[in-house]
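Since the structure comes first, as C-alpha cells, the remarks are kept for the end.
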Amino acid sequence: MKILIADDEYLVRMTLVSMIQEMPHPFGICGEAESGEDLLELLPDCRPDIVLLDLRMPEMGGLEAMRLGKALSPLTQWIILTGFSDFDSARESVKLGAADYLLKPSSAKELEQALLRVAGIVREQRSLLYKQFESNLNAAFSGWVDPHLSCHDPFIEQAQYMGISFAIDSSLKEREKAFHQQYFSRLRQKMEAAVSESFYPALFLLPHGHMALIGAWLPEREQEGSRAMRRLLRELEDEAQTASGAQAAVTVTLFSTGICASLQELRHELNECARFAPLRVTRGIGRHWSKELLIGSQSGILAEFSRLWLDLSEAYKGRHYLSYMKTADRLWQLFQAERLSACSPSVAQSIKAYLSVTMNRRIDICSENWIEGLHEAGDSLLQHQASKDCGSTMIEQVISYLEQHYASEITLTELARDFHVTPNYLSTLFHQTTGTTFVKYVMRLRMMRAKQLLADPSLQVQQVAEQVGYFSTRHFTKCFFEFEGCSPSEYKKKRKRQNMQ
Numbered sequence: 001m002k003i004l005i006a007d008d009e010y011l012v013r014m015t016l017v018s019m020i021q022e023m024p025h026p027f028g029i030c031g032e033a034e035s036g037e038d039l040l041e042l043l044p045d046c047r048p049d050i051v052l053l054d055l056r057m058p059e060m061g062g063l064e065a066m067r068l069g070k071a072l073s074p075l076t077q078w079i080i081l082t083g084f085s086d087f088d089s090a091r092e093s094v095k096l097g098a099a100d101y102l103l104k105p106s107s108a109k110e111l112e113q114a115l116l117r118v119a120g121i122v123r124e125q126r127s128l129l130y131k132q133f134e135s136n137l138n139a140a141f142s143g144w145v146d147p148h149l150s151c152h153d154p155f156i157e158q159a160q161y162m163g164i165s166f167a168i169d170s171s172l173k174e175r176e177k178a179f180h181q182q183y184f185s186r187l188r189q190k191m192e193a194a195v196s197e198s199f200y201p202a203l204f205l206l207p208h209g210h211m212a213l214i215g216a217w218l219p220e221r222e223q224e225g226s227r228a229m230r231r232l233l234r235e236l237e238d239e240a241q242t243a244s245g246a247q248a249a250v251t252v253t254l255f256s257t258g259i260c261a262s263l264q265e266l267r268h269e270l271n272e273c274a275r276f277a278p279l280r281v282t283r284g285i286g287r288h289w290s291k292e293l294l295i296g297s298q299s300g301i302l303a304e305f306s307r308l309w310l311d312l313s314e315a316y317k318g319r320h321y322l323s324y325m326k327t328a329d330r331l332w333q334l335f336q337a338e339r340l341s342a343c344s345p346s347v348a349q350s351i352k353a354y355l356s357v358t359m360n361r362r363i364d365i366c367s368e369n370w371i372e373g374l375h376e377a378g379d380s381l382l383q384h385q386a387s388k389d390c391g392s393t394m395i396e397q398v399i400s401y402l403e404q405h406y407a408s409e410i411t412l413t414e415l416a417r418d419f420h421v422t423p424n425y426l427s428t429l430f431h432q433t434t435g436t437t438f439v440k441y442v443m444r445l446r447m448m449r450a451k452q453l454l455a456d457p458s459l460q461v462q463q464v465a466e467q468v469g470y471f472s473t474r475h476f477t478k479c480f481f482e483f484e485g486c487s488p489s490e491y492k493k494k495r496k497r498q499n500m501q
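Mapping of the sequence shown onto UniProt numbering: position 97 corresponds to residue 97, and the numbering continues sequentially without gaps.
Here you go:
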C-alpha cells in the first residue's frame, strides 16, 4: 500500500514516516511533499494509494491541493491531518471526498487505525473496479458483444492490451486442479494490487482451455500501463519458476503477446499463443515464451513432433491405451523418417523434462531404445487396465469395435495386434471382463442380428447368413441352432405365424 505524506513541517513528516515504518503492515512511503505544489508534482508519477495531507500549508492550501490532486490521481484516498481550529475545513474536506481525518498530533495507534480503515476502502475499490472491468472485457472477448460493434465501455474500445496465457502441466488431474486454484488465487491478489487509473487487469478462460491474464491501459498512459504489465509479468515469471523448480509435480509455462492496439488484435494474438503452446514440449516448460522467441518454430516437423508428445501425455493421463500406443508408434515413425535423432540436446532435455512432469517417466530420446521406454509405459497402462475397473475400459473398446464390425472377418489375433498385446492376454482379459469367450461373444452378436433379419419375409436364410458374416449357410445354420435351439428356417416360420396372429 503506497503512502504519500504532504506536510510543510519536516519534523511532522519524519515522525509520520517513522511511525508507519514500524507498523506490521504492508505500508510503504512512496514520497514526501512539503507544499501543495510539490504534492501535485509527485502525484502523477507516484500514484499513491493513500495521501496523508496537512490542511495548513503555505501558498496552496490542503483543500485546494486535494481538489486538484483528485483529478490527477482519481483512485487515491485522502486522510486529512488537521488541528482543532481547522475543524470546519476538515468537514469541508470530507465533502470533497476525504476518506478520514486525524487531529494533530496523532498517536501511532490512531494513525494505524486510520490507515487500516482507508486501506480497506482502497482494496474494496480496487476489487470492484477490477471485477467490473473483467466482466465487461470477458463479455466483449467471449462474443457476448460483437467486438466490431460498440460494447458501451469507452475504456475497452480505446485501450491497448497485452495478454499472457498459461499452460499448466502435471501427471495428476487432481493435483493440477488443486494447484490451479491456489496459483490463480494468488494471481488475483496480485492483479487487484496492480489496479490503478492507468492499468486494469482481467483473468478469464480462453476457448481452447487455457487461462489468460489481460492487461489494459489507454494509449496516453502507455508508458505507465506497459510498465505495470511488465512488473506483473515479472511476478508471474517468479511464481512460475518457483512452481516449476526441481522435482516439481506441476509446471507453469507462460506465453505472452505483444502490445495490441485493439481487442480484435488481442484475440488474434492469443489464438497465436494457443498455436504456439505445444512447442513448450520441445522448447522448454516452466518458463516464459514470447511470440518472437517461437515465431520460427510454429510450423514444420518440430511443431508436429511437439503436438504428438502432447497427445501422448494426454492419452497416458486419460489411460487410453490404444490411443497412447498408436501415438507412440507415430512418434517413432516420424523420428526415424525425418532423422530427428540429430535433434539438439536442448530439445531432448526439454522432452525429457516434459515427460517427467506429465507422465512421471524418465525417457531420454537420445538413447537408441527410447521407444521401448514408451512401450513400457504403455504396458503399465495395460497392467492397470487389467484391474476390474480399468481392465473393462480396454475391453469396452474391443466390444465397441465388435458391435460395429461383427459381420466382418474378425480374429482375436488381429485385435490383439491393434492393442499391442498377445492374443492369449486379450483372450484371458476378455473372458475375465465379460464372463464369456471372444468367439462366443462374436457369435452372440451375429445371432442377435440374424434374428432381427429373419423376421423380414423378403430375406432368404442365405442372405441373412451373409449379412451377419457367414458365407456358409450350413455353418450359419449349425451356429443358429446352437444359439436358439431351432434352425433359421424354423425360426423364420415361427415369426411369420406370430405376425399373422
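All C-beta atoms, glycine included, are put in the ideal place defined by N, C-alpha and C.
Given the structure is predicted, the values throughout are model-derived calculations rather than measurements.
Check: Does DSSP classify F419 as helix, strand or coil?; Outcome: coil
Check: For F471, count neighbouring Cβ atoms within 10 angstroms of its own Cβ and tell me buried if that reaches 16, exposed if not.; Outcome: exposed
Check: Output the distance between the C-alpha atoms of H180 and A33, rounded to the nearest integer angstrom.; Outcome: 44 Å
Check: Out of M447, V252 and G62, which has the shortest C-alpha to C-alpha gap to E466?; Outcome: M447
Check: Can you tell me whether G97 is buried or exposed? The criterion is at least 16 other CB atoms within 10 Å of its CB, across all chains shown.; Outcome: exposed
Check: Rounded to whole angstroms, what is the Cα-Cα separation between R238 and K131?; Outcome: As written in the sequence, residue 238 is Asp, which differs from the Arg given in the question. If I take the Cα positions, the gap works out to 25 Å.
Check: Between L232 and the rest of its own chain, which residues show a CB-CB distance below 6 Å, the 5 nearest in sequence each way excluded?; Outcome: A194
Check: Which ranges would you report for the alpha helix (DSSP H) in the stretch 415-493 if only whole runs of at least 4 residues count?; Outcome: 423-434, 438-454, 461-467 and 473-484
Check: If you count every other CB in all the chains shown that lies within 10 Å of the CB of G163, and 16 or more means buried, which is it?; Outcome: buried
Check: For W144, which residues from the same chain have a beta carbon less than 6 Å from its beta carbon, with the 5 sequence-adjacent residues on both sides left out?; Outcome: Because W144 sits at a pLDDT of 45, beneath the cut-off of 50, its placement in the model cannot be relied upon, and the point is left open.
Check: Measuring alpha carbon to alpha carbon, tell me which residue in R275, L53, G225 and S226 is nearest P207.; Outcome: R275
Check: For H405, which three-state DSSP category applies?; Outcome: helix
Check: On a CA-only basis, which of P488, A119 and D54 is nearest Q463? Give me that one, please.; Outcome: P488
Check: Measure the CB-CB distance between I351 and I371 and report whether it falls below 7 Å.; Outcome: no
Check: Are the stretch 48-64 and the stretch 118-127 touching by the rule of at least three beta carbon pairs closer than 8 Å?; Outcome: yes
Check: With distances taken Cα to Cα, identify the nearest neighbour of I285 among L322, I301, E265 and Q241.; Outcome: Q241
Check: Are there 16 or more other CB atoms within 10 angstroms of the CB of C260, so buried, or fewer, so exposed?; Outcome: buried
Check: Is P219 helix, strand or coil by DSSP?; Outcome: helix
Check: Look at the alpha carbon of Y183 and the alpha carbon of P105, and state the distance between them as a whole number of angstroms.; Outcome: 44 Å
Check: When the Cα atoms are used, what is the spatial distance from S150 to V347?; Outcome: Summary for S150: the model assigns pLDDT 48, below 50, so the residue's position carries little reliability; its value from the coordinates is reported in the next sentence. Cα to Cα, S150 sits roughly 46 Å from V347.
Check: If you drop the 5 nearest sequence neighbours on each side, which residues of the same chain put their C-beta closer than 8 Å to that of L187?; Outcome: L203, L213, L236 and E239
Check: Determine the contact status of M60 and E37, defining contact as a CB-CB distance below 7 Å.; Outcome: yes
Check: For the putative contact between R13 and I5, defined by C-beta atoms under 8 Å, what is the C-beta separation to the nearest angstrom?; Outcome: 5 Å
Check: Mapping DSSP to helix, strand and coil, what is C273?; Outcome: helix
Check: To the nearest whole angstrom, what separates the beta carbons of H210 and S165, a pair I think is in contact under 8 Å?; Outcome: 5 Å
Check: Hey, could you find the ends of the beta strand (DSSP E) D100 is sitting in?; Outcome: D100 to L103
Check: When burial is assigned at 16 or more other CB atoms within 10 Å of the CB, is K478 buried or exposed?; Outcome: exposed
Check: How is W144 classed by DSSP in three states: helix, strand or coil?; Outcome: For W144, the predicted model reports a pLDDT of 45, less than 50, meaning its position is unreliable; a value from the coordinates is still stated below. Correct three-state label for W144: coil.
Check: Three-state secondary structure (DSSP) at A337?; Outcome: helix
Check: Where does A159 land, buried or exposed, given buried means 16+ other C-beta within 10 angstroms?; Outcome: buried
Check: Go ahead and label M191 buried or exposed: buried means 16 or more other beta carbons lie within 10 angstroms of its beta carbon, across all protein chains shown.; Outcome: buried
Check: Quick one: measure Cβ to Cβ for residue 541 and A455, integer angstroms, because I've assumed they're closer than 8 Å.; Outcome: This structure cannot speak to residue 541, because the chain is shown only from 1 to 501.
Check: Taking the straight line between their C-alpha atoms, what separation do you get for I295 and L322?; Outcome: 34 Å
Check: Grouping DSSP H, G and I as helix and E and B as strand, with all else coil, what is M23?; Outcome: coil
Check: Use the C-beta contact count for K109: other C-beta atoms within 10 angstroms, 16 or more gives buried, fewer gives exposed.; Outcome: exposed
Check: To the nearest angstrom, report how far apart H431 and F438 are at their CA atoms.; Outcome: 7 Å
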